[in-house]
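Q: One structure, pasted below without further comment.
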Amino acid sequence: MHYSAIKKTDVANGEGVRVTLFVSGCRRHCKGCFNPETWSFSSGTPFLQETEDELIEALRPGYINGLTLLGGEPFEPENQAPLLGLLERVRAELPEKTIWAFTGCTLETELLQSGSPYRTDVTDRLLSRIDVLVDGPFIEERRNLSLRFRGSENQRILDLPATLASGHPVLWDDRRPLPQAAAQPTPHFSNN
Numbered sequence: 061m062h063y064s065a066i067k068k069t070d071v072a073n074g075e076g077v078r079v080t081l082f083v084s085g086c087r088r089h090c091k092g093c094f095n096p097e098t099w100s101f102s103s104g105t106p107f108l109q110e111t112e113d114e115l116i117e118a119l120r121p122g123y124i125n126g127l128t129l130l131g132g133e134p135f136e137p138e139n140q141a142p143l144l145g146l147l148e149r150v151r152a153e154l155p156e157k158t159i160w161a162f163t164g165c166t167l168e169t170e171l172l173q174s175g176s177p178y179r180t181d182v183t184d185r186l187l188s189r190i191d192v193l194v195d196g197p198f199i200e201e202r203r204n205l206s207l208r209f210r211g212s213e214n215q216r217i218l219d220l221p222a223t224l225a226s227g228h229p230v231l232w233d234d235r236r237p238l239p240q241a242a243a244q245p246t247p248h249f250s251n252n
């Protein structure tokens with residue numbers, strides 16, 4: 061896996077002050093994408109053990125709320141296993157930090173649907189370590205600059221642990237504290 065950037069004090073991509081990792085690689089190529097330089101899987105810098113160590117150290121200060129994954133596309137199959145290792149380490153060493161992920165995938169039809177090209181043997185484990193998932197492709201015709209943490213009106217901000225536990229989408233509410241994420245298998249999610 062490669063990454064295009066790390067921001068160590070980001071306030072635009074999730075709640076509070078965050079460390080943000082922009083991964084490389086995206087096959088969607090959304091019209092009007094704000095980050096097309098991340099489309100190539102080989103753009104940027106290789107993600108090495110030293111990169112993971114740097115991210116963990118950047119997350120340690122008390123004023124940092126957590127980690128955000130962006131891209132590119134974190135859920136491209138090539139990116140999932142390296143990101144799972146990072147998220148498992150964050151959960152083990154810094155369990156008080158929240159984890160956000162932004163994806164052009166739709167949770168029900170692409171990340172949880174059997175047969176989807178985005179489903180890998182680690183997808184469920186990766187999802188079980190994420191607190192907030194902003195899902196859905198960027199659609200330029202539905203762009204809305206007044207939206208918080210989203211670029212277009214079709215995108216959702218999901219409380220992922222509540223969504224997976226209930227079996228239906230639960231929107232994130234910044235007035236309700238997130239439970240401490242537990243690294244557990246993803247429960248079955250139905251489309252009903």
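Going from the sequence shown to this note's numbering is simple: count from 1 and add 60.
For every residue, glycine included, the Cβ atom is placed at its ideal position computed from N, Cα and C.
#1: Below 8 Å on the Cβ atoms is my contact criterion, and I expect Val-79 with Leu-119 to pass it. Report the Cβ-Cβ distance as a whole number of Å.
#2: Unbroken alpha helix (DSSP H) runs of length 4 or more, entirely within the region 160-218: which are they?
#3: Using DSSP bridges, identify the partner residues of Ala-118.
#4: Do three or more CB pairs link the region 94-106 to the region 154-167 at distances below 8 Å?
#5: I want to see whether chain C comes within less than 8 Å of Leu-224, judged by CB atoms only; does it?
#6: On the criterion of 16 or more Cβ atoms from any shown chain inside 10 Å, does Glu-201 qualify as buried, or is it exposed?
#7: Indicate the three-state DSSP secondary structure (helix, strand or coil) for Asp-233 in the structure shown.
#8: Buried or exposed for Gly-227, please, with buried defined as at least 16 other CB atoms from any protein chain shown within 10 angstroms of its CB.
#9: Start and end of the beta strand (DSSP E) containing Ala-65?
#10: Measure the beta-carbon distance from Leu-187 to Leu-224 and round it to whole angstroms, keeping in mind my assumption that it falls under 8 Å.
#11: Please list the terminal residues of the continuous alpha helix (DSSP H) segment that includes Thr-128.
#12: Assign Thr-139 to one of two classes, buried (16 or more other C-beta atoms within 10 Å of its C-beta) or exposed (fewer than that).
A: In this structure, then:
#1: For the purposes of this step, residue 79 is taken as the residue at position 19 of the sequence shown. For the purposes of this step, residue 119 is taken as the residue at position 59 of the sequence shown. The Cβ separation is near 5 Å, so the contact holds.
#2: 183-187
#3: Counting from 1 along the sequence shown, the entry for residue 118 is found at position 58. Its beta-bridge partners do not exist; DSSP assigns none.
#4: no
#5: Going by chain labels, chain C is absent from the structure shown, which holds only one protein chain.
#6: Here residue 201 refers to the residue found at position 141 of the sequence shown. Looking at its Cβ environment, which holds fewer than 16 other Cβ atoms inside 10 Å, Glu-201 is exposed.
#7: For the purposes of this step, residue 233 is taken as residue 173 along the sequence shown, with counting starting at 1. Three-state DSSP puts Asp-233 in coil, outside helix and strand.
#8: Position 167 of the sequence shown, counted from the first residue, corresponds to residue 227. Exposed, because fewer than 16 other Cβ atoms sit within 10 Å of the Cβ of Gly-227.
#9: One-based indexing of the sequence shown puts residue 65 at position 5. 62-70 is the span of the beta strand (DSSP E), which, as asked, contains Ala-65.
#10: Position 127 of the sequence shown, counted from the start, is the residue given in the question as residue 187. Position 164 of the sequence shown, counted from the start, is the residue given in the question as residue 224. Between Leu-224 and Leu-187 the Cβ distance is about 7 Å, and since that is below 8 Å, they are a contact.
#11: The residue labelled residue 128 in the question sits at position 68 within the sequence shown. Segment 126-130 is the beta strand (DSSP E) holding Thr-128; no alpha helix (DSSP H) there.
#12: The residue given as residue 139 occupies position 79 in the sequence shown. Residue 139 is actually Asn in this sequence, not Thr. Asn-139 should be labelled buried.
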